[in-house]
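K.L.:
Quick one: the structure is below, questions incoming.
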Amino acid sequence: MRSCTPSRLRPADATRRSVRGALALTLGLAVTGLGLGALPAQAAGTAGGGPVVSDPSSLVARTGAPGYGDPTTAPLRVVPVSTTDGLVAALKAAKPGDHLRLASGTYTGPFDVRFGGTLANPVVVEPAAGASVTLTSDVPMPTCGALGPDQDRTLTITASHVVFRNLSIVNGARVSGANYDAVQQWQSAAIANGDYLDRRDVPGSAAFDPVAQRTLGAYFSTMLGKPVVPATDVQIVGSTLTGKGVFARGLSYSVFSGNTFSGIHCGTGPAIWLSNYSAGSVISGNDIADVAASTVKHFMQEGIRLGNGSDYNAVTGNVVHDLAVGGRAFTTDQDASFNLFANNTASKVDIGFNEQMSAWGNTWTHNVVDGATTAGFSIRMQDGRFDQPSLNSSSWSSSMTCNVSRNAAVDWAAGGIGKGTFAHNDFRSFSVNKRVSAYFGSAGNTWNGAPTAPKTGVTQPDLNGC
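Taking mature numbering (1 follows the signal peptide of the UniProt record, and there is no 0), I'd label the letters of the sequence shown as residues -43 to -1, 1 to 423.
As structure tokens, this is what we get:
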């Protein structure tokens, strides 16, 4: 029997004992429905294709956000912009409540966005009335074999409370909090060491507590001995992004809504990629297609990817389609937990909805996938070597309800899961690792209320109550 116990853990102390208590609470209770009260209404008996969330604040029960800036708030100052130099100057001089209104034309960066507003009065960058505006840059393109997110983008945003809306953005945006390279180094070491206790000791990571993640900056500042400050309330809305998408690390309580992503170059990463404890954002109503294939890694060619402890995000009403061979539409990985995926649609992709390493408490509801070449829904396939689900790497307390998979190679696949709740899904074909089938009920999993793993030809689709 292979062990699923992490091999190198630091000695237990009082903090560790408190974390273990939180783990016991999380893993002993299903998290189904937490923070779902404000979801957009869905017609009975249907799944997927839900409406765009027009008010991100309606999802704060899930995200824990103190609020999201309203870009329609009347400006305190209007700053007309008509040249690239004028835009650079306006961004450097931005103050709370400034609305930078750009005349028609192409503005060539890259642009550094270091000065933002407040929750009540964000800085807004938008076209002037009737204008058509493109932001672009001649930043280099990586090779198709790149192994990490491309850092060279048209927008580099380190400010908080800033909105870009109704623009064409060529070569994308990078958003980063302060000193998140150090956070990345710490987390990478903890993952390499199999040290899930260290990772779950981060506020809000061990049990459902979205408000706790407001203290992430202070927690990491104390741990790492340097100021770690998230970028907060960054919004890209109603825009068209080509060439490169959005990569964010150390981002909190932000909004990416109503955008179109296409023609994403190989080696630059997914269309939307949240990493390194990017918490509490709303990703809603985006259309994503044509993310070019990586020559080495699937995670470089996905639609929407939440990774590295990015928790409490609400991913709703998005459409991801026509990805390159191997492309996955919606993915969580490396501790991304307590996220909500609702009313999304995927088509012509490799995998529609995909939980990878150590996802806890994610909720997947009213999603539809059509034409997945590997699996409609997939849960931690790499853990099929374990005789019990691993606290270090398997999925725990996942909830999948009212989802639909059509025309897939297989509708639902699982390789490592504990305390999962699966009910009222339209799935007909299954690929369940034999070890998962053996421990399914004893590990606290249920399928339509029963402790038995699903089987092709035996388990019937059921959308009753959806």
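Cβ atoms here follow ideal geometry from the backbone N, Cα and C, with glycine treated the same way.
Considering just the uninterrupted stretch of the beta strand (DSSP E) at arginine 19, what are its terminal residues?
P.N.:
Note, arginine 19: premise wrong, no beta strand (DSSP E); alpha helix (DSSP H) at 17 to 20.
K.L.:
Count the other CB atoms, across all protein chains shown, that sit within 10 Å of the CB of proline 408; report buried if there are 16 or more and exposed otherwise.
P.N.:
It is exposed - the Cβ of proline 408 has fewer than 16 other Cβ atoms within 10 Å.
K.L.:
Identify whether serine 238 lies in helix, strand or coil by the three-state DSSP scheme.
P.N.:
Serine 238: coil per DSSP, three-state reduction.
K.L.:
Quick check on the burial criterion: 16 or more other C-beta atoms within 10 angstroms. Buried or exposed for alanine 164?
P.N.:
By the neighbour-count rule (16 or more Cβ atoms within 10 Å), alanine 164 is buried.
K.L.:
Could you pull the start and end residues of the alpha helix (DSSP H) that leucine 173 belongs to?
P.N.:
Element bounds for leucine 173: 173 to 181.
K.L.:
Buried or exposed: asparagine 364, going by 16 or more other Cβ atoms within 10 Å of its Cβ?
P.N.:
Exposed: under 16 other Cβ atoms inside 10 Å.
K.L.:
Per DSSP, methionine 357 forms a beta bridge with which residues?
P.N.:
Answer is Trp321, Phe379, bridged to methionine 357.
K.L.:
Based on the DSSP secondary-structure assignment, which residues constitute the bridge partners of serine 125?
P.N.:
Beta-bridge pairing links serine 125 to Thr91, Thr197.
K.L.:
Would you kindly work out how many angstroms separate the C-alpha atoms of proline 418 and phenylalanine 343, rounded to a whole number?
P.N.:
Whole-angstrom Cα-Cα distance: 28 angstroms.
K.L.:
Is the distance from the Cβ of asparagine 349 to the Cβ of serine 315 below 8 angstroms?
P.N.:
Yes, Cβ-Cβ distance for asparagine 349 and serine 315 is below 8 angstroms.
K.L.:
Report, in whole angstroms, the separation of the C-beta atoms of alanine 205 and serine 235, which I expect to be a contact under 8 angstroms.
P.N.:
That belief holds up - the Cβ atoms of alanine 205 and serine 235 are roughly 5 angstroms apart, short of 8 angstroms.
K.L.:
Using the DSSP secondary-structure output, state which residues sit across from glycine 62 in a beta bridge.
P.N.:
According to DSSP, glycine 62 bridges with Val90.
K.L.:
Would the beta-carbon of proline 67 fall within 8 angstroms of that of threonine 111?
P.N.:
Yes. Within cutoff.
K.L.:
Just curious, the alpha helix (DSSP H) that serine 133 is in, first and last residue?
P.N.:
Run containing serine 133: none in the alpha helix (DSSP H); it sits in the beta strand (DSSP E), 130 to 133.
K.L.:
Just how far apart, CA to CA, sit leucine 420 and tryptophan 404?
P.N.:
If I take the Cα positions, the gap works out to 13 angstroms.
K.L.:
List the endpoints of the continuous alpha helix (DSSP H) containing alanine 392.
P.N.:
The question names alanine, but residue 392 in the sequence shown is arginine. Run containing arginine 392: 391 to 396, per the alpha helix (DSSP H) assignment.
K.L.:
Quick check on the burial criterion: 16 or more other C-beta atoms within 10 angstroms. Buried or exposed for valine 35?
P.N.:
By the 10 Å Cβ count, valine 35 comes out exposed.
K.L.:
Below 8 angstroms on the Cβ atoms is my contact criterion, and I expect aspartate 368 with phenylalanine 379 to pass it. Report the Cβ-Cβ distance as a whole number of Å.
P.N.:
Contact flag wrong, Cβ pair sits at about 12 angstroms.
K.L.:
Which of helix, strand or coil does DSSP assign to threonine 41?
P.N.:
Residue state, collapsed to three classes: helix.
K.L.:
Since alanine 146 is in the alpha helix (DSSP H), which residue starts that stretch and which ends it?
P.N.:
Where alanine 146 is concerned, the enclosing alpha helix (DSSP H) stretches over 137 to 149.
K.L.:
Of all the beta strand (DSSP E) runs that stay within the bounds of the segment 215 to 266, which reach a length of 3 or more residues?
P.N.:
Listed in chain order, they are 217 to 221, 229 to 232, 239 to 241, 244 to 246, 261 to 264.
K.L.:
Looking at the structure shown, is leucine 57 part of a helix, part of a strand, or coil, going by DSSP?
P.N.:
Three-state result, leucine 57: strand.
K.L.:
Taking the beta carbon of threonine 199 as the centre, do at least 16 other beta carbons fall within 10 Å, making it buried, or is it exposed?
P.N.:
Classification for threonine 199: buried.
K.L.:
Distance check for alanine 60 and arginine 262, CA to CA, integer angstroms please.
P.N.:
Answer to the nearest angstrom: the Cα atoms are 34 angstroms apart.
K.L.:
Out of Pro28, Gly333, Pro160, which has the shortest C-alpha to C-alpha gap to tyrosine 269?
P.N.:
Measuring from the Cα of tyrosine 269, the nearest candidate turns out to be Pro160.
K.L.:
Helix, strand or coil: which one does DSSP assign to serine 388?
P.N.:
In this structure, serine 388 counts as strand in the three-state DSSP scheme.
K.L.:
I'd like the span of the alpha helix (DSSP H) that includes leucine 112, first residue to last.
P.N.:
Segment 112 to 114 is the beta strand (DSSP E) holding leucine 112; no alpha helix (DSSP H) there.
K.L.:
Assuming glycine 215 contacts valine 194 under a Cβ cut-off of 8 angstroms, what Cβ separation, rounded to an integer in Å, is found between them?
P.N.:
About 5 angstroms; that satisfies the 8 angstroms criterion.
K.L.:
According to the neighbour-count rule (16 or more other Cβ atoms, all chains shown, within 10 Å of its Cβ), is glycine 333 buried or exposed?
P.N.:
Buried, by the Cβ-count rule.
K.L.:
Three-state secondary structure (DSSP) at serine 211?
P.N.:
Of the three classes helix, strand and coil, the one that applies to serine 211 here is coil, per DSSP.
K.L.:
State the DSSP-derived secondary structure class of aspartate 290, mapped to helix, strand or coil.
P.N.:
Aspartate 290: strand per DSSP, three-state reduction.
K.L.:
Is the beta carbon of valine 272 less than 8 angstroms from the beta carbon of serine 304?
P.N.:
Result no, Cβ atoms of valine 272 and serine 304 do not sit closer than 8 angstroms.
K.L.:
Sort Gly182, Ala169, Val191 by Cα distance to valine 239 and report the nearest one.
P.N.:
The residue with the shortest Cα to Cα distance from valine 239 is Val191.
K.L.:
Who are the near neighbours of aspartate 307 in its chain, counting only those whose CB is closer than 6 angstroms to its CB and skipping five residues on each side?
P.N.:
Within the same chain, aspartate 307 has close Cβ partners Gly283, Gly284, Arg285, Thr330, Thr331.
K.L.:
If I follow the unbroken beta strand (DSSP E) through aspartate 190, where does it start and stop?
P.N.:
First-last for aspartate 190: undefined, no H or E at that position.
K.L.:
Report yes if the CB atom of proline 84 is closer than 8 angstroms to the CB atom of leucine 124, and no otherwise.
P.N.:
Yes, Cβ-Cβ distance for proline 84 and leucine 124 is below 8 angstroms.
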